[in-house]
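Notes follow once the structure below has been shown.
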Amino acid sequence: MSKFSPSEKLTKKIENSQEEFLKKHGILAAELLDDNLNEQQIASLDPALFDLAIVDESEAERTGYSNYSYWGSTVRMFFKNKVAVFNLIVMLVLVLFTFIQPHLPNQIDPNLVNYYDSKAVWYVVDSDGAFTVDGMKRTQGDYVQVPGSDEILAYIQAPADWGTPVAIAYDEEGEETQLTVQADPANSGWYWTLLKKDAPYLAILSEDLTASTYYNAVWLTVTGDKNAVNSSGVKQTAGELITDVPDGKSLAYVSAPSGWGVPKLKAQGSINGSDAEYVSLKAVDGEDGWFYGFFPTEKNTLILTSEDGSQKGMNRATVSIGLPQEAKIVKGFIENKPPNKVYWFGTNDIGQDLWARMWAGTRTSLFIGIVVAVIEAIIGILAGLLWGYVRKLDFLFTEMYNLIDNIPSTIILLLAAYVMRPGIRTIIIAMSLTRWIGLARFIRNQVLIIRDRDFNLASRCLGTPTRRVITRNLLPQMVSVVMLRMALAIPDAIGSEVFLSYINLGLPISIPSLGNLINKGRTMMMAPSLRYQLFIPAIILSIITICFYLVGNAFSDAADPKNHV
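Per this note's numbering: the sequence shown = residues 73 to 637.
What follows is the structure in structure tokens.
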């Protein structure tokens with residue numbers, strides 16, 4: 073035997089451990105452990121060392137040298153694989169959060185159709201005065217005050233450095249009214265006021281009146297290599313606005329690249345060919361690169377060119393200067409909203425919250441995958457062990473396998489899903505009808521390899537029952553195989569559920585699942601702004617599949633006793 077063979081290395085390891093034990097407990101002196109002893113050393117040995125040792129079979133296991141533990145070694149080997157450990161953590165966090173999510177505060181029913189509020193609007197103001205306004209409910213609890221039939225409740229969230237915001241309402245004639253603004257005690261950072269429906273145009277100012285959401289002016293900027301012209305009603309200059317605006321005119325601020333010199337501004341009507349008028353621009357005091365001018369209010373299409381005419385703005389800017397934006401009550405679904413602070417994953421085409429539907433769908437798909445994997449494991453393992461060990465059953469199971477295997481599993485899956493009423497139970501039954509046969513055949517082949525080995529022959533000669541031989545001798549040999557097949561069965565079952573939903577034989581739309589979400593998102597691929605409805609469930613499905621595969625494969629390798637040496 074080679075000195076480099078595993079058996080020789082193990083023998084040497086045991087010998088060294090025994091010598092260390094004898095030295096440590098003073099049973100033998102170190103010099104007596106040498107294989108070449110002289111006559112004097114041999115004579116000095118204690119005769120008790122050569123007494124016949126009585127073997128106690130009941131104590132053999134406890135007093136044996138080996139401290140080997142199969143499951144302990146399996147766990148140690150698994151945790152040496154850092155990639156598998158990382159994926160295990162990701163998988164556990166995902167699964168745990170999936171089942172915890174509905175119990176978290178402020179969660180929305182996944183089947184609830186969300187409508188725009190019919191009595192209130194919510195303003196969210198940025199530090200630069202830009203804002204959004206819509207009927208998506210952004211505050212918690214009921215209305216701070218129920219508005220009257222001729223009123224609109226307006227919630228306002230302004231930057232902290234604005235202090236208590238000032239609200240000014242305008243009617244159609246431009247008459248302004250300052251409104252009373254109060255803090256919402258139930259929602260920190262939110263304020264509220266009541267608007268009259270006959271004066272629904274709302275401007276919001278900071279407490280010191282230095283910042284506002286509404287200015288009777290427009291800011292034009294030229295940006296990019298293609299000289300794109302951008303128009304905005306958000307104040308972009310630092311100083312106070314020009315106040316002496318002539319009647320019938322509107323104020324425009326212009327910023328262009330430094331090579332343009334003093335830009336030329338031409339104003340014309342919105343109809344091509346209408347009379348145009350050049351606007352004289354002057355530099356803004358203390359604002360490097362900014363110019364201002366007054367253009368006729370009715371000529372709201374603005375064209376910018378450089379001072380020498382060599383460069384021109386890529387597009388025309390159509391501006392509208394008049395009243396602030398109207399606080400308008402919107403009716404209907406909150407449909408196809410991209411991810412935002414209210415609906416983290418956005419909404420679908422009927423206003424359902426995709427965040428809630430995503431995790432509800434993940435719960436459904438994981439439940440289907442785990443149940444199908446457990447059924448496949450139980451039936452497949454039992455059938456495979458009997459198929460491989462009991463020779464009389466080999467013909468029966470072989471013919472059963474040939475019959476089932478010759479029918480495409482997809483056909484069986486489609487027929488079962490088509491005949492029975494759509495639902496989770498139907499999906500589980502349809503997937504479990506034939507999946508077990510593949511695992512059973514695999515187990516049968518493994519059993520045939522070890523069925524006639526010496527330890528099994530010895531057990532049968534001693535009269536050990538078949539049940540005990542299968543559970544004690546054969547089944548432990550299959551742990552690594554079973555764990556890998558179960559880990560792969562879960563994402564495989566989820567994939568089958570996605571396939572059934574793709575061909576409209578899956579779960580009804582009232583039961584969220586990853587299959588339903590992916591199938592629905594697939595129809596949105598042609599609209600770039602709505603592709604998130606496909607990407608988000610596809611990413612979650614990919615994470616589940618990759619994590620289960622890597623963890624199952626790593627645990628299968630760790631469970632193999634050959635890797636424990």
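Ideal placement from N, C-alpha and C gives every residue a C-beta, glycine not left out.
Per DSSP, the bridge partner or partners of residue i
| i | result |
| --- | --- |
| Lys321 | Pro368 |
| Asp508 | Reading off the sequence shown, one finds Trp at residue 508, where the question assumed Asp. Paired residue(s): none; Trp508 is not in a bridge. |
| Glu379 | According to DSSP, Glu379 bridges with nothing at all. |
| Phe203 | Val197 |
| Tyr604 | Tyr604 is not bridged to any residue. |
| Glu398 | Tyr273 |
| Ala530 | According to DSSP, which records beta bridges pairwise, Ala530 is partnered with nothing at all. |
| Thr373 | Gln340 and Thr390 |
| Ala226 | Val193 and Thr265 |
| Ala518 | First, the amino acid is wrong: residue 518 is Gln here, not Ala. Its beta-bridge partners do not exist; DSSP assigns none. |
| Thr295 | Ala300 |
| Ile240 | Gln250 and Ala275 |
Nearest candidate by alpha-carbon position, reference residue i, set the options
| i | options | result |
| --- | --- | --- |
| Leu606 | Thr204, Ala275 and Thr595 | Thr595 |
| Ser327 | Ser284, Gly320 and Ser303 | Ser303 |
| Ala226 | Thr252, Gly235 and Trp234 | Thr252 |
| Val444 | Ile161, Gly624 and Met558 | Met558 |
| Val541 | Val553, Asp526 and Ser552 | Asp526 |
| Phe469 | Ile476, Trp459 and Ala300 | Trp459 |
| Tyr273 | Ala399, Ile515 and Val551 | Ala399 |
| Leu560 | Val218, Glu87 and Gly510 | Gly510 |
| Pro237 | Asp280, Phe203 and Asp243 | Asp280 |
| Asn372 | Gln254, Ser342 and Ala355 | Ser342 |
| Trp262 | Pro318, Tyr242, Gly246 and Val197 | Val197 |
| Val218 | Val193, Trp234 and Gly201 | Val193 |
| Lys191 | Lys209, Phe203 and Ala202 | Lys209 |
| Asp319 | Ala241, Pro494, Asn288 and Gln229 | Asn288 |
| Lys213 | Gly235, Leu475 and Pro257 | Before going further, note that residue 213 is Gly rather than Lys in the sequence given. Per the Cα distances, Pro257. |
| Gly495 | Ile484, Ser585, Ile562 and Ala530 | Ser585 |
| Asp297 | Trp416, Ser278 and Gly331 | Gly331 |
| Phe620 | Lys84, Lys81 and Val167 | Val167 |
DSSP-derived helix/strand/coil call for residue i
| i | result |
| --- | --- |
| Ala489 | helix |
| Gly136 | Annotation note: pLDDT 48 at Gly136 (below 50); position unreliable, coordinate value reported separately. Three-state result, Gly136: coil. |
| Arg247 | Note on residue identity: the sequence assigns Glu, not Arg, to residue 247. Note: Glu247 maps to coil in three-state DSSP. |
| Tyr215 | coil |
| Asp425 | strand |
| Trp416 | coil |
| Leu579 | coil |
| Leu438 | helix |
| Leu176 | coil |
| Ser145 | helix |
| Glu312 | coil |
| Glu279 | coil |
| Trp362 | strand |
| Asn88 | helix |
| Val326 | strand |
| Ala630 | helix |
| Lys81 | helix |
| Ile483 | helix |
Beta-carbon contacts of residue i that lie in its chain and below 8 Å, excluding the five residues immediately before and after
| i | result |
| --- | --- |
| Ile590 | Val570, Ser573, Tyr574, Leu606, Pro609, Ala610 and Leu613 |
| Asn635 | Met149 and Asp629 |
| Val402 | Tyr188, Asp206 and Gly207 |
| Ser582 | Asn183 |
| Leu465 | Leu458 and Trp459 |
| Asp632 | Ser552 |
| Gln424 | Pro182, Asn183, Leu184, Val185 and Asn186 |
| Ile501 | Ala488 and Met492 |
| Leu622 | Val155, Ala156 and Asn159 |
| Asn420 | Glu407, Asn408, Leu426, Arg429, Lys592 and Gln605 |
Residues near residue i in its chain [Cβ-Cβ closer than 6 Å; skip 5 each side]
| i | result |
| --- | --- |
| Thr170 | Trp431, Thr434 and Arg435 |
| Thr377 | Lys336 and Lys384 |
| Leu520 | Gly460 |
| Glu340 | Inspection of the sequence shows that residue 340 is occupied by Gln rather than by Glu. Cβ within range, chain order: Ser346, Ala348, Lys371 and Thr373. |
| Ile375 | Lys338 and Arg388 |
| Val216 | Asp256 and Trp264 |
| Ile240 | Glu248, Gln250 and Ala275 |
| Ile422 | Val185 and Phe405 |
Same chain, Cβ closer than 7 Å to residue i, five either side skipped, listed in chain order
| i | result |
| --- | --- |
| Gln179 | Gln173 and Ala428 |
| Gly151 | The question names Gly, but residue 151 is Phe in the sequence shown. Hits under 7 Å: Val157. |
| Ala565 | Ile440, Gly441, Val444, Ala445 and Met503 |
| Arg523 | Gly460 and Tyr461 |
| Contact between the segment 264 to 284 and the segment 216 to 234 (3+ Cβ pairs under 8 Å) | yes
| Within the chosen definition, does the segment 366 to 373 reach the segment 348 to 356 through at least 3 CB pairs nearer than 8 Å? | yes
| query | Taking one C-beta from the segment 385 to 392 and one from the segment 154 to 164 each time, how about it: are there three or more such pairs within less than 8 Å? | reply | Cβ pair count under 8 Å is below three, so no.
| task | Answer yes if the segment 286 to 302 comes into contact with the segment 317 to 326, meaning at least three C-beta pairs across the two stretches below 8 Å, and no otherwise. | result | By the Cβ test, the segment 317 to 326 is in contact with the segment 286 to 302, since at least three Cβ pairs between them sit closer than 8 Å.
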